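Novice: Encoded as structure tokens, here's the structure I'll be asking about.
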Amino acid sequence: MTGQQIRDIVTDCVFEGDMKFREPMSRHTSLKIGGPSDIFAIPENVASLGRLRDYLQKNDIAVFPLGGGTNILVKDGGIDGAVICFRSFRTIESLGQDDEYAYLSVGTGTVLQRLVMYSMEQGYAGLEGLAGIPGTVGGAICGNAGSFGYEIKDVLVSVDLMGAEGQIQKVCAEDIRFGYRKSDILPTDMLIRAEIKLGRDKRADVSARFENFLRVKREKQPIWESSAGCVFKNPEGLSAGKLIDEAGCKGMRIGDVVVSTIHANFFINTGKACAVDFIRLMHEVAGRVRNAFGITLEPEIKIVGRENGNR
Ligand SMILES: Cc1cc2nc3c(=O)[nH]c(=O)nc-3n(C[C@H](O)[C@H](O)[C@H](O)COP(=O)(O)OP(=O)(O)OC[C@H]3O[C@@H](n4cnc5c(N)ncnc54)[C@H](O)[C@@H]3O)c2cc1C
Numbered sequence: 029m030t031g032q033q034i035r036d037i038v039t040d041c042v043f044e045g046d047m048k049f050r051e052p053m054s055r056h057t058s059l060k061i062g063g064p065s066d067i068f069a070i071p072e073n074v075a076s077l078g079r080l081r082d083y084l085q086k087n088d089i090a091v092f093p094l095g096g097g098t099n100i101l102v103k104d105g106g107i108d109g110a111v112i113c114f115r116s117f118r119t120i121e122s123l124g125q126d127d128e129y130a131y132l133s134v135g136t137g138t139v140l141q142r143l144v145m146y147s148m149e150q151g152y153a154g155l156e157g158l159a160g161i162p163g164t165v166g167g168a169i170c171g172n173a174g175s176f177g178y179e180i181k182d183v184l185v186s187v188d189l190m191g192a193e194g195q196i197q198k199v200c201a202e203d204i205r206f207g208y209r210k211s212d213i214l215p216t217d218m219l220i221r222a223e224i225k226l227g228r229d230k231r232a233d234v235s236a237r238f239e240n241f242l243r244v245k246r247e248k249q250p251i252w253e254s255s256a257g258c259v260f261k262n263p264e265g266l267s268a269g270k271l272i273d274e275a276g277c278k279g280m281r282i283g284d285v286v287v288s289t290i291h292a293n294f295f296i297n298t299g300k301a302c303a304v305d306f307i308r309l310m311h312e313v314a315g316r317v318r319n320a321f322g323i324t325l326e327p328e329i330k331i332v333g334r335e336n337g338n339r
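Under our numbering, the first residue of the sequence shown is numbered 29, with each subsequent residue one higher.
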């Protein structure tokens with residue numbers, strides 16, 4: 029975007045919230061990698077988001093909805109147009125319960141682990157397998173996050189989705205196509221709110237399952253280091269981490285990006301890594317797995333943004 033376009037936005041768009049310009053995305057991703065976004069907007073409420081969305085659409089400015097930035101690799105050139113942050117959309121409300129189920133309305137900027145903890149405290153079942161998954165509810169729905177056989181799609185009833193002109197539409201979960209770590213939610217659609225349905229159980233039982241899953245995660249994954257979780261999807265019936273390990277890639281390094289020695293499907297930023305090196309390492313690792321086993325690994329993380337022209 030040109031400086032003039034950015035100035036026009038500031039003067040033309042009635043916006044409530046915080047807006048930054050040329051904001052480094054490395055500040056907003058778990059990998060701590062990524063060049064600047066032209067605009068970084070944190071709308072305060074749905075009405076303000078709607079006005080901004082409409083303005084951006086009419087002026088042909090691209091949008092990128094951001095959750096916790098825990099499943100994306102932003103390229104070194106940053107992101108074109110406006111990144112929209114859902115930080116102000118953090119609510120968990122009870123919609124009531126019956127003998128079997130509890131119904132919740134959740135803002136999509138809610139930190140997923142806050143929702144998981146809330147459910148555990150209430151004795152609501154269905155989210156315990158998501159223990160330890162970072163990011164927000166919106167990001168989890170977009171990528172159908174899950175582990176230990178649990179997936180967020182299994183508790184989803186509906187989402188409120190904002191389309192290109194700022195209009196809001198309720199979409200039932202059955203009308204969204206979910207797959208392994210994916211959904212057909214469009215990159216330009218913004219999830220505002222989700223309704224979920226959880227089973228009712230004994231608090232101690234939900235808690236025991238949660239603790240057990242979290243313990244396994246802590247033992248097997250370098251969750252305290254800068255990563256974006258699993259880099260590649262598991263091929264049908266196989267573990268990508270195991271294939272990468274058996275292809276001899278553990279500990280491989282390009283620049284400051286290293287294949288974790290704890291879990292080979294996690295690539296770690298050990299210092300000042302850049303996206304170019306991360307992508308090079310992905311190619312190198314995928315090539316070795318292909319040569320060793322004839323299997324092509326498919327990325328699980330989403331690579332977004334523009335190349336850095338200066339590199
Ligand atoms: C240590 C670690 C462990 C992990 N373990 C797991 C795991 O066990 N299982 C698993 O599935 N994942 C795992 N992940 C990956 C990641 O945490 C999940 O995919 C998470 O659900 C991503 O959520 P996010 O809010 O960070 O999304 P982001 O990374 O911010 O975004 C992901 C996608 O969702 C879109 N998006 C985000 N919010 C919205 C919104 N409100 N409206 C529309 N689109 C939106 C973005 O545009 C982007 O396309 C792990 C990551 C880390 C770092």
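We treat Cβ as the ideally placed atom computed from N, Cα and C, and that holds for glycine. Quantities reported herein were computed from a predicted structural model and do not represent experimental measurements.
Answer yes or no: the CB of residue 99 versus the heavy atoms of ligand 1, is any distance below 6 Å?
Specialist: Flag set: Cβ of residue 99 near ligand 1.
Novice: Using the Cβ count rule (16 or more neighbours within 10 Å means buried), how would you classify residue 270?
Specialist: Exposed is the call here.
Novice: Report, in whole angstroms, the separation of the C-beta atoms of residue 162 and residue 96, which I expect to be a contact under 8 Å.
Specialist: That pair is a contact at about 6 Å.
Novice: Pairing CB atoms from the stretch 175–188 with CB atoms from the stretch 147–159, are three or more of them under 8 Å?
Specialist: Yes: the two stretches touch, three or more of their Cβ pairs being nearer than 8 Å.
Novice: Measuring CA to CA, which of 196, 231, 229, 186 is closest to residue 205?
Specialist: Selected option, being the one with the closest Cα: 186.
Novice: Taking the alpha helix (DSSP H) that residue 132 belongs to, which residues open and close that run?
Specialist: Counting along the chain, residue 132 falls outside any alpha helix (DSSP H), though it belongs to the beta strand (DSSP E) covering 129–135.
Novice: My output table needs one value for residue 48: the three-state DSSP class, helix, strand or coil.
Specialist: Strand, per DSSP.
Novice: Give me the Cβ distance between residue 287 and residue 302, rounded to the nearest whole Å; I'm assuming they're in contact under 8 Å.
Specialist: Rounded, the Cβ-Cβ distance is 16 Å, inconsistent with contact.
Novice: Tell me the DSSP secondary structure of residue 253 in three-state form.
Specialist: Correct three-state label for residue 253: coil.
Novice: With contact counted as at least three CB pairs below 8 Å, one residue from each stretch, are the stretch 144–154 and the stretch 187–206 in contact?
Specialist: Verdict: no, contact absent.
Novice: State the beta-bridge partners of residue 89 as determined by DSSP.
Specialist: Partner(s): none; residue 89 has no beta bridge.
Novice: Pairs of beta-carbons, one from the stretch 190–199 and one from the stretch 164–175, closer than 8 Å: are there three or more?
Specialist: No, because fewer than three Cβ pairs between the stretch 190–199 and the stretch 164–175 fall closer than 8 Å, the two stretches do not touch.
Novice: Output the boundary residues of the alpha helix (DSSP H) element that contains residue 240.
Specialist: 231–248 is the extent of the alpha helix (DSSP H) around residue 240.
Novice: Go ahead and pull the three-state DSSP assignment for residue 186.
Specialist: Correct three-state label for residue 186: strand.
Novice: With a CB to CB cut of under 6 Å and the five nearest residues on each side skipped, what residues in its chain are close to residue 111?
Specialist: Result list for residue 111: 65, 68, 92, 94, in chain order.
Novice: Compare the Cα-Cα distances from residue 334 to each of 143, 198, 63 and report the closest residue.
Specialist: Nearest of 143, 198, 63 to residue 334, Cα basis: 63.
Novice: Please classify residue 57 as buried or exposed, where buried requires at least 16 neighbouring CB atoms within 10 angstroms.
Specialist: That one is buried.
Novice: Alpha carbon to alpha carbon, how far is residue 188 from residue 109?
Specialist: When rounded, the distance between both Cα atoms is 23 Å.
Novice: Could you round the C-beta distance between residue 74 and residue 220 to whole angstroms and report it? I think they count as a contact, below 8 Å.
Specialist: Confirmed, Cβ separation roughly 6 Å.
Novice: Between residue 170 and ligand 1, is the CB less than 6 Å from at least one heavy atom?
Specialist: True, at least one ligand heavy atom lies under 6 Å from that Cβ.
Novice: Between residue 210 and the rest of its own chain, which residues show a CB-CB distance below 8 Å, the 5 nearest in sequence each way excluded?
Specialist: For residue 210, where only same-chain residues beyond five positions count, the Cβ hits under 8 Å are 171, 172.
Novice: Pick helix, strand or coil for residue 328, following the three-state DSSP scheme.
Specialist: Correct three-state label for residue 328: coil.
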